[in-house]
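Trainee: Would you mind keeping the following structure in view while I ask a few things?
Chains as they are written, first to last, in our numbering: chain A, 61 to 545; chain B, 148 to 373.
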C-alpha cells in the first residue's frame, strides 16, 4: 500500500441550471488569450446533446482513453507506443478547429465609427481567428437547452445505449446540464500518451499539468484524452489544459469554477488512495465504478492514517481527507459517480446524477414527485432517462444509477417527514439501505453546507512556500510570442 | 578573395557557428518556444498526406546525403561495390527520395500558403524563411541531379563535392573542388548552409526532440514542481 492524496471535485447535477457562469469565469481567468480563443477548460453541455467538441464521447472515432486487450492488459485505445509514434507526423485522431467551433466576436468598431445616418449601425459577427465576417452556425453550447430535442439528442453517442427502445417524442424528452472540466484522472491517458513526458500528475495533490517548457507540440494528449479536455494553443502549438486552478488550491482557495458557481453545486476535497492499486482497478474486467471506488482508502482507518504518515502526507492533509466532502459523497454515501468510467482513466470529477428527469416524469405520470413511493415507481419503470444516465455515469449499469436516485428520493421524503412535523421513521432510510442519521447528514451536505464544508482544501505546505513562490511569480505564458502576426 | 572563397570557404563556417551558438542560446533561453508548432488543429485533411510524405522523404534524403557525402569511394570500393553499380543505385534511390520529398514540400507549401486562410494566420516570418529555403534547396538539388546524372553524362560528386564537404570539417576547405561543380549544385549547397544557419531560430529545432525516450518511459509521470 502506497498512500497518495488526490484533490477531487463533486458536482450535484440536480442543482445545475446551466447558467455557464463557471465557463465564463474560467475563460476570463485562463483562456482569454490569442491562440486559445476556442478553448474552454470548463464548459457546460446540455444532455442529451452532442457536446463540445462535437460528439466527443464517440471513442470509436477519437480513440481516446484506455482499453483492455485480449490478454487483460491495459492499453491506450489509440494503440501501442510504436503505433502512436508512427503517427507523430500526422495524428489521424486529432480534432480540428471545425470539430470545436469557429470562435466569433462582433465588429464593435462599427458601432463607434459609423457616420451619422438614418439607420442604426449593426455589429456583425466576425471570426475571432480570421477577423473576417462569418455566419454563426455552431458554438460550444449551440444546442444549449435544446439537447433533449430529437434533433440533437439523436446524435448524442450516449443515446446509442437507449435509442433502439425509444423514439424521442416531445413528451418523452428530458434534459439536464453537464458542466465538464479536466477530470484530473488517477490513470490519465493524456499523460501516458505524451511523447515528451511533458505532462505529469503532481505527486502531492494529483493535479494533471502540462509543463510548458517541455511540451514539444506532438499533440498526442489531445486525442488520447477521452474527455477532450487537453487543447492545442493555435499559435504556440503547445498543449494547454485545466490546471484545477492550482495557484488557488495551493492557498486553500477553491477553483474559480467552483467559487463562482451560483448554484453552489460543486464540492472540492481530498481523497486518499492506494497508488499501487490504480493499475489493477483501471484494468478491471467489469463493474468499473466499484473498481474505481476500491482504490480509495478510508481516511478514518488508523492503519491508513499510519501508512499516510509514513508516506509523507502531513497531519493537516490527513485531517482534510477525513473532512472531505468528496469522500462523503463519492465513498460514504455513494451518491456521486464518475463520468464515463468505461474510459478507464479513473476520473476524479464526480457527478451526482440528476433526479429531475425522473421527478418530471413522475409528475407527468400523475404521481407526486415529493413522494418517494411514486418516485421509486418511476425509477423502476422509466427506462429512458435511467439507461441514458447509466451510459454516462455507470458503464451502462442502470441499477447502480437507480440506487443513487432512490437514495436521493428517500432523503427528500425523509426530510419532508421531519420538516412537516410528521413522525420521522427509519422507513425511508431502511428501504434504501441507509440510516436516518446518514440521510440527514447527506441532506445537510447537499442542501445547507457552508463554504467551509463544501470546500475542504488544505493549503500547500508552508515549508515549500519559498520553492512555490520561485516558480509561480511569473506567468510562463507571458513569454510566448502569441501576438497575431 | 573571390566569390567562391566567400561562398564555399567562409559561408559554411559562419553557418555552422550560427548553428551551434544559436542552438545553445535557444535551448537555454527559449524552452517555451521549442516546439513543432503543429498546425494540425487548423488544417488536417491536407496535412494527413503532406506531412508524412514530407517527413519520409526528408529522412530518406538525409540518409542518402550521409552516405554520399561521408562515405569516400575507397570505402565502397573496398566493399566490392563498383563505381557504376554505386552510381546506378545512388541516382535511382536518390531521385526517388528526392521526388518524395519534393511532393511533400509542394503539398505543404500549397497547404500553407495557397489554400487555407487559418494557416496563414499562424504562419510566422520564420516559417516563410524556412519554407523558401527548403523549396530552393530541394528544387536545385533535384535539378542538379537530373541535369548531371539523368539527362547529362553523369557527375561524380564523390570526387568533388563530398571531398569539399568533408574538408570543411578538417578546417582546410578545398574551395576549388566546389567552385568547379555545376552551378545548380553551388546554389543547392549555399542555400543548404543558409538553412543550417536558420535552423536554431526556426521550428526545425523539433528534430532534436524526436521522442525516442517515450518508448522506454513508464506510462504515468508523477512529479512535483517543474
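Yeah, the Cβ is synthetic: ideal placement off N, Cα and C, and Gly gets one too.
What you are looking at is a predicted structure, and each value in this text was computed from that prediction instead of being measured.
1) According to DSSP, is residue 475 of chain A helix, strand or coil?
2) Residues in its own chain within less than 6 Å of residue 290 of chain B by CB, not counting five upstream and five downstream?
3) Specify the secondary structure class of residue 455 of chain A as computed by DSSP and reduced to three states.
4) Anything in chain A within Cβ reach of residue 199 of chain B, meaning under 8 Å, just list it in chain order.
5) Following the continuous beta strand (DSSP E) through residue 274 of chain A, name the residue where it begins and the one where it ends.
6) Applying the criterion that 16 or more other CB atoms from any shown protein chain within 10 Å of the CB defines a buried residue, is residue 448 of chain A buried or exposed?
7) If I measure Cβ to Cβ from residue 151 of chain B and keep anything under 8 Å in the same chain, skipping five residues before and after, which residues do I get?
8) Of all the alpha helix (DSSP H) runs that stay within the bounds of the stretch 313-358 of chain A, which reach a length of 4 or more residues?
9) Measuring only between beta-carbons, confirm whether residue 145 of chain B sits less than 7 Å from chain A.
10) Please name the residues in the stretch 267-283 of chain B whose beta-carbon is closer than 8 Å to at least one beta-carbon of chain A, in chain order.
11) Going along the chain, which unbroken runs of the alpha helix (DSSP H) with 4 or more residues stay wholly within the stretch 295-347 of chain B?
12) What residues in the stretch 250-267 of chain A bring their beta carbon closer than 8 Å to a beta carbon of chain B?
13) For chain A, find out if any of its Cβ atoms is closer than 7 Å to the Cβ of residue 185 of chain B; answer yes or no.
14) What three-state label does DSSP hand residue 236 of chain A in the structure shown?
15) Give me the chain B residues within the contact set of residue 248 of chain A, using Cβ-Cβ distance strictly less than 8 Å, ordered along the chain.
16) Classify residue 72 of chain A as helix, strand or coil using the three-state DSSP reduction.
17) So what does DSSP say about residue 66 of chain A, is it helix, strand or coil?
18) Hey, out of A:197, A:378, A:388, whose CA is closest to residue 500 of chain A's CA?
19) Quick one: which residues of the stretch 121-154 of chain A get their C-beta closer than 7 Å to a C-beta of chain B? List them in chain order.
20) Identify each residue in the stretch 359-390 of chain A for which the Cβ-Cβ distance to at least one residue of chain B is less than 9 Å, and report them in chain order.
21) Using alpha carbons as the reference points, say which of A:467, A:420, A:434 lies closest to residue 445 of chain A.
22) Closer than 7 Å, CB to CB, is residue 229 of chain B near chain A or not?
23) Note down the Cα distance separating residue 94 of chain A from residue 273 of chain A, rounded to an integer number of angstroms.
24) At which residues does the alpha helix (DSSP H) containing residue 141 of chain A begin and terminate?
25) Tell me the residue span of the alpha helix (DSSP H) that contains residue 246 of chain A.
26) Taking residue 356 of chain B as the query, report the chain A residues whose CB atoms sit under 8 Å from its CB, ordered along the chain.
27) What does a CB cutoff of less than 8 Å around residue 192 of chain A pick up in its chain, not counting 5 residues either side in sequence?
28) Counting C-beta neighbours from all protein chains within 10 Å, is the total for residue 372 of chain A 16 or more, i.e. buried, or is it exposed?
29) Give the residues from the stretch 74-93 of chain A that approach chain B closer than 8 Å (Cβ to any Cβ), ordered along the chain.
30) Is the CB-CB distance between residue 352 of chain B and residue 181 of chain B below 7 Å?
31) Beta carbons nearer than 8 Å to chain A: which residues of the stretch 155-172 of chain B have them?
32) Kindly indicate if chain B contains any beta-carbon less than 7 Å away from that of residue 308 of chain A.
33) Report, in whole angstroms, the separation of the C-beta atoms of residue 343 of chain A and residue 134 of chain A, which I expect to be a contact under 8 Å.
34) For residue 240 of chain B, report the span of its alpha helix (DSSP H) as first-last.
35) Does any residue of chain A bring its CB to less than 7 Å from the CB of residue 263 of chain B?
36) In chain order, what residues of the same chain have a beta carbon less than 6 Å from the beta carbon of residue 287 of chain B, not counting five sequence neighbours either side?
Mentor: Considering the structure as presented:
1) For the purposes of this step, residue 475 of chain A is taken as the residue at position 415 of the first chain. DSSP places residue 475 of chain A in helix when its eight states are reduced to three.
2) Translated into positions along the second chain, residue 290 of chain B becomes position 143. Excluding residues within five positions, the ones whose Cβ falls inside 6 Å are 331.
3) Here residue 455 of chain A is taken as the residue at index 395 of the first chain, counted from 1. Coil.
4) Stepping through the second chain from its first residue, residue 199 of chain B is reached at position 52. By Cβ distance, chain A contributes 149, 150.
5) The count along the first chain starts at 1 and reaches residue 274 of chain A at position 214. Counting along the chain, residue 274 of chain A falls outside any beta strand (DSSP E), and DSSP gives it neither H nor E.
6) Position 388 of the first chain, counting from 1, holds the residue named residue 448 of chain A. So residue 448 of chain A ends up on the buried side.
7) Here residue 151 of chain B refers to the residue found at position 4 when the second chain is read from its first residue. Around residue 151 of chain B: 322, 323, 325, 326.
8) 316-319, 338-342, 348-353
9) This structure cannot settle anything about residue 145 of chain B, because the visible part of chain B is limited to 148 through 373.
10) 268, 269, 270, 271, 272
11) 308-316, 322-326, 330-345
12) 251, 252, 254, 255, 256, 257, 259, 260, 261, 262, 263, 264
13) Start at 1 with the first residue of the second chain, and residue 185 of chain B comes out as number 38. Yes, residue 185 of chain B lies at the interface with chain A (some Cβ there is under 7 Å from its Cβ).
14) Within the first chain, numbered from 1, the residue matching residue 236 of chain A stands at position 176. Strand at residue 236 of chain A.
15) As a working note, residue 248 of chain A is residue 188 in the first chain. Correct list: 367.
16) What you label residue 72 of chain A is simply residue 12 of the first chain in a count that begins at 1. If DSSP states are grouped into helix, strand and coil, residue 72 of chain A belongs with the strands.
17) Numbered from its first residue, the first chain carries residue 66 of chain A at position 6. Of the three classes helix, strand and coil, the one that applies to residue 66 of chain A here is strand, per DSSP.
18) One-based indexing of the first chain puts residue 500 of chain A at position 440. Selected option, being the one with the closest Cα: A:388.
19) 141, 145, 149, 150, 151, 152, 154
20) none
21) To locate residue 445 of chain A, count along the first chain from 1; it is residue 385. When only C-alpha atoms are compared, the closest one is A:420.
22) Sequence index remark: in the second chain, residue 229 of chain B carries index 82 (1-based). Chain A contact via Cβ: absent.
23) Taking the first chain and counting its residues from 1, the one referred to as residue 94 of chain A is at position 34. Taking the first chain and counting its residues from 1, the one referred to as residue 273 of chain A is at position 213. Spanning the two alpha carbons is a distance of roughly 19 Å.
24) Mapped onto the first chain, residue 141 of chain A falls at position 81. Unbroken alpha helix (DSSP H) run through residue 141 of chain A: 141-146.
25) Counting from one through the first chain, the residue named residue 246 of chain A turns up at place 186. Element bounds for residue 246 of chain A: n/a, residue is neither H nor E.
26) On the second chain, position 209 is the one that residue 356 of chain B refers to. In chain order: 256, 276.
27) Position 132 of the first chain, counted from the start, is the residue given in the question as residue 192 of chain A. Correct list, in chain order: 186.
28) Stepping through the first chain from its first residue, residue 372 of chain A is reached at position 312. Looking at its Cβ environment, which holds fewer than 16 other Cβ atoms inside 10 Å, residue 372 of chain A is exposed.
29) none
30) Translated into the one-based positions of the second chain, residue 352 of chain B becomes position 205. Translated into the one-based positions of the second chain, residue 181 of chain B becomes position 34. Closer than 7 Å, so yes.
31) none
32) Translated into the one-based positions of the first chain, residue 308 of chain A becomes position 248. Judged by the 7 Å Cβ criterion, residue 308 of chain A is not in contact with chain B.
33) Within the first chain, numbered from 1, the residue matching residue 343 of chain A stands at position 283. Within the first chain, numbered from 1, the residue matching residue 134 of chain A stands at position 74. About 4 Å separates the two Cβ atoms, so the contact holds.
34) Taking the first residue of the second chain as 1, we reach residue 240 of chain B at position 93. 230-256 is the span of the alpha helix (DSSP H), which, as asked, contains residue 240 of chain B.
35) Position 116 of the second chain holds residue 263 of chain B. Not one chain A Cβ lies under 7 Å of residue 263 of chain B.
36) The count along the second chain starts at 1 and reaches residue 287 of chain B at position 140. Here the set comprises 331, 334, 335.
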